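Its first residue numbered 41, the sequence shown is counted upward by one per residue in the working numbering. Let me begin by presenting the structure, written as structure tokens, before commenting on it.
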Amino acid sequence: VAMWKAIGSSSHGENEIYDIAATSDHKWLFAACVKGWWGIIDLQKDKCVSRQHCTLSGNGYHSNPISVAVSPDDKLLYMVTGAGTVESYDIQAAKAGEMKSITNQVLTKITVDPENKFVFIASNSGNLYKYATG
Numbered sequence: 041v042a043m044w045k046a047i048g049s050s051s052h053g054e055n056e057i058y059d060i061a062a063t064s065d066h067k068w069l070f071a072a073c074v075k076g077w078w079g080i081i082d083l084q085k086d087k088c089v090s091r092q093h094c095t096l097s098g099n100g101y102h103s104n105p106i107s108v109a110v111s112p113d114d115k116l117l118y119m120v121t122g123a124g125t126v127e128s129y130d131i132q133a134a135k136a137g138e139m140k141s142i143t144n145q146v147l148t149k150i151t152v153d154p155e156n157k158f159v160f161i162a163s164n165s166g167n168l169y170k171y172a173t174g
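See below:
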């Protein structure tokens, strides 16, 4: 059995992927892609089933999602962009959630604590942020 299997591009020709995160039930994989796109990959079918743009930034461009994280209960996808925005996506309802902006920061990584109480965000300036999920 092959250890690695190509499951296809999530971005249809714009192939740079910055980060990936999967649900714990092995149903969905989310990919943060170049040019403001993020993809939803159905792991049962091994194919990209949807592509979405991040919210428009203040300058009218879609910022690149740099890092993605799935909540431990598989309900929310969180992503951060290089333009300082934090977005959530309701996985079960398949709709956009909240969006917050952290001004003058290039965000580099997001993670959710195992108890699903906080989201932690890192920036390239060395700042760390902690937000309650509830």
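From the three backbone atoms N, C-alpha and C, an ideal C-beta is built for every residue, glycine too. Every value quoted in this text rests on a predicted model; they were computed, and no experiment measured them.
Task: Collapsed DSSP secondary structure at T66 in the structure displayed - done: As a working note, residue 66 is residue 26 in the sequence shown. Looking at the sequence itself, residue 66 is His, so the reference to Thr does not match. Assignment of H66 by DSSP, reduced to helix, strand and coil, places it in the coil class.
- [ ] Go to L117, then tell me how far its beta strand (DSSP E) extends in each direction, as first and last residue.
- [x] Within the sequence shown, residue 117 is the residue found at index 77, counting from 1. That run of the beta strand (DSSP E) goes 116 to 121.
Task: Nearest residue (CA-CA) to A134, options L116, D59, E155 - done: Within the sequence shown, residue 134 is the residue found at index 94, counting from 1. Shortest Cα-Cα distance from A134 to any of L116, D59, E155 involves L116.
- [ ] Counting only the same chain and skipping the five closest in sequence on each side, list residues whose C-beta sits under 8 Å from that of E56.
- [x] Taking the sequence shown and counting its residues from 1, the one referred to as residue 56 is at position 16. If we look at E56 and ignore the five residues flanking it on each side, its Cβ neighbours are C73, V74.
Task: Distance between G124 and V180 (C-alpha atoms, nearest Å) - done: With the chain represented from 41 up to 174, any question about residue 180 goes unanswered, as that position is not in the structure.
Task: Contact belief for T63 with S107 at Cβ below 8 Å, rounded distance in angstroms - done: As a first step, residue 63 is located in the sequence shown; it is residue number 23 there, counting from the start. As a first step, residue 107 is located in the sequence shown; it is residue number 67 there, counting from the start. In fact, because the Cβ distance is near 16 Å, the residues do not count as touching under 8 Å.
Open item on the list: Contact defined as beta carbons within less than 8 Å: I believe H93 pairs with G76. What is the distance between those atoms, to the nearest angstrom?
Closed with: As a first step, residue 93 must be located in the sequence shown, where it is residue number 53. As a first step, residue 76 must be located in the sequence shown, where it is residue number 36. Confirmed, Cβ separation roughly 5 Å.
Task: Unbroken stretches of the beta strand (DSSP E), 3 residues or longer, contained in the stretch 123 to 150 - done: DSSP runs (the beta strand (DSSP E)) wholly in the stretch 123 to 150: 125 to 130, 135 to 141.
- [ ] Pull up the distance between the alpha-carbon of V110 and that of V126, whole angstroms please.
- [x] What you label residue 110 is simply residue 70 of the sequence shown in a count that begins at 1. What you label residue 126 is simply residue 86 of the sequence shown in a count that begins at 1. Taking the straight line joining both Cα atoms gives about 13 Å.
Open item on the list: Short of 8 Å in beta carbon distance, which residues of its chain neighbour G174, apart from the five on each side in sequence? Order them along the chain.
Closed with: As a first step, residue 174 must be located in the sequence shown, where it is residue number 134. For G174, same chain residues with a beta-carbon under 8 Å away, outside a window of 5 residues either side, are K157 in chain order.
Task: Y171 and V152 closer than 8 Å at C-beta - done: For the purposes of this step, residue 171 is taken as residue 131 along the sequence shown, with counting starting at 1. For the purposes of this step, residue 152 is taken as residue 112 along the sequence shown, with counting starting at 1. V152 sits away from Y171, with the two beta carbons spaced by 8 Å or more.
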